[in-house]
Structure formats: C-alpha cells, structure tokens
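**Student:** One structure follows; several queries about it will come next.
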Amino acid sequence: MFMVRKWLLFMVILAVVGVVFGKVNFASTQMTPAAEREFMLNKLAEFSKSSGIDVEFLNFEYPQLFSRLQAEIRAGRTTLNLVADLQGNLYIMASEGLLSDLKDLKFEGKTFIETLEKFAYVNGEKIFVPWLQATYVMAINKKAFDYLPRGLSRDDVIKGTEKWTYEALLEWAKNIYEKTGQPLLGFPIGPKGLWHRFLHGYIYPSFTGAQALKFDSVRAVEMWNYLKELFKYVHPASSTWDGMADPLLREEVWIAWDHTARLKPAIVEKPDAFVVVPVPRGPMGRGYIIVLVGLAIPKGADFEEPAKVIDYLTSPEMQVEILKNVGFFPVVQEAVGAVPEGALKVLAEGVINQSATKDSVVSFIPSLGPKSGEFTETYRMAFTRIVFQGEDPAKVVKELGERIRQMFKETGAELPEPDASLF
C-alpha cells in the first residue's frame with residue numbers, strides 16, 4: 182500500500198513539474214558555429230531559469246530538418262515545436278504544409294519592421310516571425326556632408342527619404358570631385374569584393390524592378406549608362422579593393438557601399454567619424470538585399486510555450502545581445518534605443534533605417550546551386566565590358582540576358598524577390 186501511495190505521489194509531482202516546466206525543442210539551421218551556439222545555449226538557459234520553460238537547442242542542416250519535420254507531421258506526432266531558418270527555406274516548408282499560421286500571435290512592446298513583416302506571409306498565412314537580418318549599406322564620412330548637392334539634406338540621406346536618389350548620389354560625388362579634386366566614392370570591386378551583390382541586388386532592382394527578368398530591358402540600358410557617368414567620380418583603386426573599411430579609414434573615400442560585416446572595422450575604430458545610411462533609390466524604388474531569418478511553429482505543435490520563446494528572442498534586449506555577440510541586426514524598431522552608443526548603434530541605425538524605408542524593393546540572393554558563381558560573374562562581366570571597356574550596353578545586355586534566364590531554367594530554381602512578385 183505504501184509503495185502504491187509513493188508511486189501516486191511521484192506521478193502527481195511529475196504532472197506538476199510538467200505544467201510548470203514546459204519543453205520546447207528548438208530546431209535551427211542558424212547559430213551553428215561553436216561560438217554562436219554557445220551564446221544561444223547560455224541565453225536560452227537564462228530564459229529557462231526565469232520562465233520555467235525548458236528549451237533544447239538543436240542544430241540541423243536544412244535537408245535533415247525538412248525531412249524530420251515532414252516525417253513527424255505525417256506521423257501526427259510533432260516533437261520539434263519551434264524552428265529557425267532562412268526565409269527561402271521556410272517558404273518551401275510552408276508549401277509542403279509543415280508550418281502553422283501565426284497571424285493571431287501578438288507580441289507586446291515591439292514593432293516589427295514592416296518591410297520584413299511583409300515577407301513573413303504566404304497565401305494569406307503568416308508562416309514565420311522575423312528574427313534576424315543582415316544586409317549591405319552605405320557608410321559616409323561626415324566630411325562629405327559639407328558637399329551635399331542643392332535640395333538634398335543630411336537628414337534625407339540618413340533617413341532614406343525620396344530625395345536620396347541615385348541621381349543625387351551622382352551629383353554629390355561630382356560636387357566632391359570638383360571641389361576637392363578627389364574621386365571620393367568607392368565600391369569593393371576587387372576579386373574578393375562583393376560588387377556583384379550591388380549589381381544584381383541593389384542597382385538592378387532600383388532601376389528595373391527585378392534582378393534577372395529585366396536584365397536586358399530598356400531601363401537596364403539606362404542603368405548601365407548611369408553607371409558609366411557615375412564612375413567618372415569613383416576612386417580608380419576600387420577595382421583592387423575587396424572591402425571598404427580600410428579605404429574609409431585612410432580617407433581614400435568618403436562614401437562607400439559594402440556588407441555591414443566588412444564596414445564594421447572602420448565604424449568600430451572611428452564611430453564618431455562615420456554614419457551608416459540607406460542606399461539611394463532609383464526609378465523603381467530602393468533596391469537592396471536582405472538575408473532574413475524567421476521563427477516558425479510546425480503544424481500540430483501547441484503555440485503557448487514556443488510563442489514565449491519567440492517573444493524572448495525578438496525582445497529589444499535580446500536583439501541587441503544578438504547584434505553584439507553574433508552580428509545579426511535587429512528586426513524590431515525598439516531595439517535601436519537599446520543599442521549602446523558607439524559603433525554598433527551607428528551600424529544598427531543605418532540597417533534599420535534602410536529596412537524601414539517605404540520605397541523598399543527587397544531582393545533575396547537567388548538559390549542557383551552550382552550556377553551561383555556563373556550568375557554573379559555574368560553581372561561582373563557586363564560591368565567590365567560596359568563601364569571599363571566602353572562596349573555598347575544594349576548589345577552587351579542582349580547577349581547576356583538570355584544566359585541569366587537560362588540558369589534558372591537549367592537549375593529549376595525559383596525566381597528570387599523582387600522578380601517573383603512580378604507574377
């Protein structure tokens with residue numbers, strides 16, 4: 182009799198503990214490097230201690246995660262109840278019916294950046310909550326503001342207003358050149374530079390509204406003619422630079438475009454000398470690349486505990502911790518106020534101002550597998566032939582445009598944004 186009572190007491194304790202200490206199996210393709218994983222484990226342990234929710238952080242490669250989710254949902258037994266992955270992979274999961282609709286989830290005290298929130302929806306369902314972002318921006322030496330063209334203010338540039346255009350950039354670079362005698366605009370065009378990302382993900386969408394589909398359009402020809410004019414005021418050493426931090430620090434350039442991670446050393450060394458700003462807009466809007474990571478809840482999983490983990494991971498304080506320790510940028514506007522003064526605040530303000538612009542034309546890097554290198558090299562080839570070698574842009578884009586489109590046909594890859602939104 183005593184043993185029966187003892188067993189019953191044990192079961193009651195287990196039931197109580199099960200109520201107080203919920204379990205979240207958090208499957209992620211992100212934060213897999215050792216230092217990033219350790220950071221996540223420590224932060225999730227803090228959350229578990231304060232919330233009573235046990236979180237197990239499980240790293241997966243995308244194919245294994247997809248197969249595991251598919252098997253669990255088909256079997257009607259979902260053990261993974263929170264997922265983090267790149268937006269493109271989450272779209273595929275959603276198309277297979279693996280993710281829940283989260284549009285009824287509400288989080289207090291945070292404003293998700295509208296541009297990012299828009300891409301969380303597929304066919305009217307919210308398939309993920311934005312969690313992390315990375316991007317490419319412009320860094321400006323504050324000295325350059327003394328040479329702004331008429332009608333363009335410092336605030337226009339910093340906030341990314343409709344006045345901050347590629348035409349304004351051309352006028353600004355020309356002003357600087359004529360008044361200082363120096364070409365102080367620069368890009369990372371060297372062999373290991375990310376110049377191809379600017380071409381396919383920034384200036385092409387800004388002028389044509391697409392990365393690939395309108396490669397040989399009339400507006401593309403206009404864009405190439407614009408670049409030919411702009412490069413009269415671009416520092417000639419740009420063709421040797423793989424990153425823009427050192428040229429900025431040496432003041433070889435005052436205006437530069439690059440990935441945030443490659444600009445960061447300059448901002449860290451001289452945070453008071455620079456501001457980070459949105460890129461200019463073109464005739465079709467402000468084209469720029471976002472690498473977006475979202476948090477999703479698989480079909481069949483209970484929302485209550487995973488939603489609390491999502492609330493924690495997207496809190497302004499945690500978003501700042503991720504920025505400081507890992508380098509991904511916040512997706513909630515309140516996080517800017519929580520970033521301490523200094524280099525990280527300079528970077529974060531620029532990234533968030535860019536993704537908050539109303540004229541955003543968001544680009545995602547295409548998933549072309551073995552053709553990825555050929556894709557980016559084709560844009561570089563067009564640039565070299567048109568801008569450096571002086572070939573007729575209409576002739577060059579006509580020759581190369583079909584090659585670009587054929588890559589998507591051969592690989593079966595889906596068109597990236599903004600091309601996909603044209604249909």
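If you read the sequence shown in the working numbering, its first letter stands for residue 182, the second for the next number, and so on. C-beta: ideal position from N, C-alpha, C; glycine also. Keep in mind the model is a prediction, meaning the values are calculated, not measured.
On the DSSP bridge list, what partners appear for A320?
**Tutor:** A437, V457
**Student:** Can you tell me the Cα-Cα spacing of W438 and R378, whole angstroms?
**Tutor:** 11 Å
**Student:** Does DSSP put F326 in a helix, in a strand, or in coil?
**Tutor:** helix
**Student:** Taking only the alpha-carbon atoms, compute the straight-line gap between E598 and D266 and give it to the nearest angstrom.
**Tutor:** 17 Å
**Student:** Give every residue of the same chain whose Cβ lies closer than 7 Å to the Cβ of R584, excluding the five residues on either side of it in the sequence, and list them in chain order.
**Tutor:** If we look at R584 and ignore the five residues flanking it on each side, its Cβ neighbours are T559.
**Student:** For K284, does the count of other Cβ atoms within 10 angstroms reach 16, so buried, or fall short, so exposed?
**Tutor:** By the 10 Å Cβ count, K284 comes out exposed.
**Student:** Grouping DSSP H, G and I as helix and E and B as strand, with all else coil, what is S232?
**Tutor:** Here S232 carries a helix assignment [DSSP, helix/strand/coil].
**Student:** Between Q514, P547, P452, G508, which has its C-alpha nearest A524's C-alpha?
**Tutor:** Per the C-alpha coordinates, the member of Q514, P547, P452, G508 positioned closest to A524 is P452.
**Student:** Taking 8 Å as the limit between beta carbons, can you name the residues of its chain near V542, skipping five residues before and five after?
**Tutor:** For V542, where only same-chain residues beyond five positions count, the Cβ hits under 8 Å are P386, S387, G390, M465, G466, R467, G468, Y469, P599.
**Student:** Three or more C-beta pairs under 8 Å: does that hold for the region 294-309 against the region 264-278?
**Tutor:** Touching, per the Cβ criterion.
**Student:** Given a cut-off of 8 Å, decide if P364 and V415 are closer than it, judged by their beta-carbon atoms.
**Tutor:** yes
**Student:** Tell me whether P386 sits in a helix, a strand or coil according to DSSP, three-state version.
**Tutor:** Three-state DSSP puts P386 in a helix.
**Student:** With three or more beta-carbon pairs closer than 8 Å as the criterion, would you say the region 416-427 touches the region 439-448?
**Tutor:** yes
**Student:** Applying the criterion that 16 or more other CB atoms from any shown protein chain within 10 Å of the CB defines a buried residue, is F202 buried or exposed?
**Tutor:** Residue placement at F202 cannot be trusted, given a pLDDT of 48 that sits under 50; what the coordinates show is reported in the next sentence. Result: exposed.
**Student:** What are the boundary residues of the beta strand (DSSP E) that includes N304?
**Tutor:** Counting along the chain, N304 falls outside any beta strand (DSSP E), and DSSP gives it neither H nor E.
**Student:** May I ask you to report which of helix, strand or coil DSSP gives T346?
**Tutor:** Three-state result, T346: strand.
**Student:** By how many angstroms is the C-alpha of A325 removed from the C-alpha of F564?
**Tutor:** 27 Å
**Student:** Rounded to whole angstroms, what's the CA-CA distance from Q251 to F510? Just pull it up for me.
**Tutor:** 30 Å
**Student:** Rounded to whole angstroms, what is the Cα-Cα separation between E237 and V458?
**Tutor:** Their Cα atoms are separated by approximately 38 Å.
**Student:** Around the Cβ of F604, are there at least 16 other Cβ atoms within 10 angstroms (buried) or fewer (exposed)?
**Tutor:** exposed
**Student:** When you compare only the Cα positions, how much space is there between S232 and G463?
**Tutor:** If you draw a straight line from the Cα of S232 to the Cα of G463, it is about 48 Å long.
**Student:** Secondary structure at L283, three-state DSSP: helix, strand or coil?
**Tutor:** coil
**Student:** Buried or exposed for N223, going by 16 or more other Cβ atoms inside 10 Å?
**Tutor:** exposed
**Student:** State the DSSP-derived secondary structure class of R431, mapped to helix, strand or coil.
**Tutor:** Secondary structure at R431: coil, using DSSP grouped into helix, strand and coil.
**Student:** Along the chain, where does the beta strand (DSSP E) containing K204 start, and where does it finish?
**Tutor:** 203-209
**Student:** Express the C-alpha separation of R335 and T592 in angstroms, rounding to a whole number.
**Tutor:** 45 Å
**Student:** Specify whether the region 515-530 and the region 480-498 touch according to this definition: at least 3 beta carbon pairs, one from each stretch, less than 8 Å apart.
**Tutor:** Counting C-beta pairs with one atom in each stretch, the region 515-530 and the region 480-498 have three or more that are closer than 8 Å, which means they touch.
**Student:** Rounded to whole angstroms, what is the Cα-Cα separation between D337 and T538?
**Tutor:** 11 Å
**Student:** Tell me whether W376 sits in a helix, a strand or coil according to DSSP, three-state version.
**Tutor:** helix
**Student:** For P479 and L280, which I take to be in contact (beta-carbon distance under 8 Å), what is that distance rounded to the nearest angstrom?
**Tutor:** 6 Å
**Student:** Whether or not the region 284-299 and the region 243-250 are in contact is what I'm after, with contact meaning three or more pairs of Cβ atoms, one per stretch, closer than 8 Å; do they touch?
**Tutor:** No, they do not touch.
**Student:** Identify which residue in L528, V568, E595, E555 has its Cα closest to the Cα of M319.
**Tutor:** L528
**Student:** Let's see if you can read the secondary structure: which residues bound the beta strand (DSSP E) around S541?
**Tutor:** 541-544
**Student:** Rank R586, E502, K576, G554 by C-alpha distance to the C-alpha of L225 and give the top, closest one.
**Tutor:** Checked all of R586, E502, K576, G554; the closest Cα to L225 is E502.
**Student:** Can you tell me which of the three DSSP states V415 falls into?
**Tutor:** Of the three classes helix, strand and coil, the one that applies to V415 here is strand, per DSSP.
**Student:** Return the CA-CA distance between V310 and L351, expressed in angstroms with no decimal places.
**Tutor:** 38 Å
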